[in-house]
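Here our numbering is used: the first residue of the sequence shown is 308, the next is one more, and so on.
Note that the Cβ used here is the ideal one computed from N, Cα and C, for glycine as well.
Written out below as C-alpha cells is the structure these notes cover.
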Amino acid sequence: MSVDVDFRAFLLADTAVAAITQTVALNHVPAADEAPYVWFSRTTSRDEVDLGGEGGLVDTTFAVECVATDISVAVALGEAVRSRCNGWRGVMNSETRVQGMFVEDAADDYVPRSAYEDESVDIVALEVQVIHE
C-alpha cells in the first residue's frame, strides 16, 4: 500500500471524522453537492538518503481540504482531522510506520482545489506532514 491510501484509511477510521463525513477523496475533488467531505493530495515526498546511499525516512506532505456548505461543519471537520493527525505516531493501516505526523494551517497563498464558481462552500485548508518509513 502507498502512504496515500493508508492516510485515507487512517482518516476514515476516526470516529470524529466519520461522524461528519464518509467521503475522503484522494486527488479527485468531489462535486459540491457531496459536501461535507475531505479532499487531499500529496504535494511533496522526499526520501532521506545518507551519503552511503542508504534510505531512511520519507517526508511526505499532503494538502488537505475540509469542505462543507456550512462554516461550522467545515471547522468541525477541520478540527477532527487536526486532532486525528497532529502529533500522531504509530502504524497506519497496518502498512505505513509513521514516526511523526504534524498539522499546520495552509499557507496564506494556498489556492483551494474545492473552490467552485457557482457553488458556495466553506473550506478549512490544512497541510499535513507525515514522516514515515
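To the nearest angstrom, how far is the alpha carbon of residue i from that of residue j?
{"i": "Arg349", "j": "Thr368", "result": "6 Å"}
{"i": "Ala413", "j": "Leu358", "result": "33 Å"}
{"i": "Leu419", "j": "Glu372", "result": "Checking the sequence, you will find Pro at residue 419 rather than Leu. Cα to Cα, the separation comes out at about 7 Å."}
{"i": "Gly360", "j": "Glu440", "result": "16 Å"}
{"i": "His335", "j": "Gly362", "result": "31 Å"}
{"i": "Asp366", "j": "Ala323", "result": "26 Å"}
Which residue marks the beginning of the alpha helix (DSSP H) containing residue i, and which one marks its end?
{"i": "Gly385", "result": "Ile378 to Cys392"}
{"i": "Asp311", "result": "Val310 to Leu319"}
{"i": "Thr322", "result": "Thr322 to Ile327"}
Using a 10 Å radius around the Cβ and a threshold of 16 neighbouring Cβ atoms, would you call residue i buried or exposed?
{"i": "Arg315", "result": "buried"}
{"i": "Val310", "result": "buried"}
{"i": "Thr351", "result": "exposed"}
Can you give me the start and stop residues for the beta strand (DSSP E) that residue i sits inside?
{"i": "Leu333", "result": "Val331 to Leu333"}
In chain order, what residues of the same chain have a beta carbon less than 7 Å from the beta carbon of residue i, not counting five sequence neighbours either side?
{"i": "Ile327", "result": "Pro343, Val380, Ala383, Leu384 and Ala387"}
Leaving out the 5 sequence neighbours to the left and right, which residues in its chain are closer than 8 Å to residue i when beta-carbon positions are compared?
{"i": "Arg389", "result": "Val410 and Leu433"}
{"i": "Arg396", "result": "Val405, Gln406, Gly407 and Met408"}
Leaving out the 5 sequence neighbours to the left and right, which residues in its chain are closer than 6 Å to residue i when beta-carbon positions are compared?
{"i": "Asp429", "result": "Ala375, Ile378 and Ala381"}
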